[in-house]
Structures are given as structure tokens and as C-alpha cells.
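What follows is a short report on a single structure.
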Amino acid sequence: MQISVKTTDRTQMVDITAEVRAAVRESGIENGLVHVFSMHTTAAVTINENADPAVTADMLAFINKVVPWDDHFKHMEGNSSAHIKVSLFGPSEIIPLEKGSLVLGTWQGIYFCEFDGPRTRRVHITVMPG
Ligand code: ZN
């Protein structure tokens, strides 16, 4: 199944935990693994703290410093920075599913990471029973 994520900035981390939970509920599967996959070369998926919004602000500020938008890249489309960030973060995460609930720590949230927005994006979710 897929969910749509609308982003509003060039780089942005969007908490999609609630949307993933809803998709998992819809599957009817109670136990197994949940794979959350960004179908894009310039947007990633990661898991990190969702309690203090300063954490994602710091992460974005840091990654934008490490991989600046313009660094004399060769790629004609002009968005090599976004491609590099996606390979650093990774396109997907796997979350355990037990008794119908995602097994996430108290402070963990699932983030869609936009690196070349704003755009409307697609995230593919697979629930693997087991
Ligand atoms: Zn490109």
C-alpha cells in the first residue's frame, strides 16, 4: 500500500508515524515486520526523536552543512545534494510489529525526509506477517 506525503520546504522531516500506523491497521496483520520505503531518489526515510522538534531542526541544519546545495556538482539537474543525502540516510526503515502495534521506543518516530522539495511524494508500506 502507499501513502502520499506533501512537503512544504526544500529540506524537511515529516513525522509519518500516524500514517504508517493507520496503513498497518488497514492491513489487518498483527505480527511481523513493517517496511517503510521512499519511492524517490531525493527523499529518504529515517527513525529518530519525535519529542523535541529541535532534534530534526538540528539534523537538517547539520546535513545541509555537510552536504551543501551547491558544491560544483556535475549532475545537470542540479540536485546532487539531495541524491547524496538520500544515500546517507537510506530510503527505508523496518519496524517490528507485535500484537497490532509498531514496536517503537518512547521517543522514536518515523520520518519522511524531503531533500528536494516542496513536492508531493509517495511512500510504499509493506507489512510482512511473521
Ligand atoms: Zn537529480
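Using this note's numbering, you'd call the opening residue of the sequence shown number 746 and step up by one each time. In this text, a Cβ means the ideal position worked out from N, Cα and C, and glycines have one as well.
| Query | Result |
| --- | --- |
| Nearest candidate by alpha-carbon position, reference S880, set Q747, L847, G862 | No answer is possible for residue 880: it lies beyond the span of the chain, which begins at 746 and ends at 875. |
| Contacts around T787, its chain only, beta-carbon distance under 7 angstroms, and the 5 residues preceding and following it disregarded | N824, A827, H828, V831, F860, D861 |
| Contacting residues, own chain, Cβ-Cβ under 6 angstroms from M758 (five flanking each side not counted) | T801, Y856, C858 |
| Own chain residues within Cβ distance below 7 angstroms of F865, not counting five before or after | Here the sequence assigns Thr to residue 865, which means Phe is not the residue at that position. Once the five neighbours on either side are set aside, the close Cβ partners of T865 are S749, K751. |
| G854 burial status per 10 Å Cβ neighbour count (16 or more: buried) | buried |
| I829, DSSP secondary structure in three states | helix |
| Other residues of its chain near R766: CB distance less than 7 angstroms, five sequence neighbours each side excluded | L847 |
| H785 Cβ short of 7 angstroms to ligand 1 heavy atom set | no |
| Selected residue, minimal CA-CA separation from F782, among P874, I870, G875 | I870 |
| DSSP beta-bridge partners of V790 | F857 |
| For F818, three-class secondary structure by DSSP | coil |
| Near ligand 1: A828 beta-carbon under 7 angstroms from a heavy atom | Checking the sequence, you will find His at residue 828 rather than Ala. For ligand 1, at least one heavy atom lies less than 7 angstroms from the Cβ of H828. |
| DSSP three-state assignment for K751, whether helix, strand or coil | strand |
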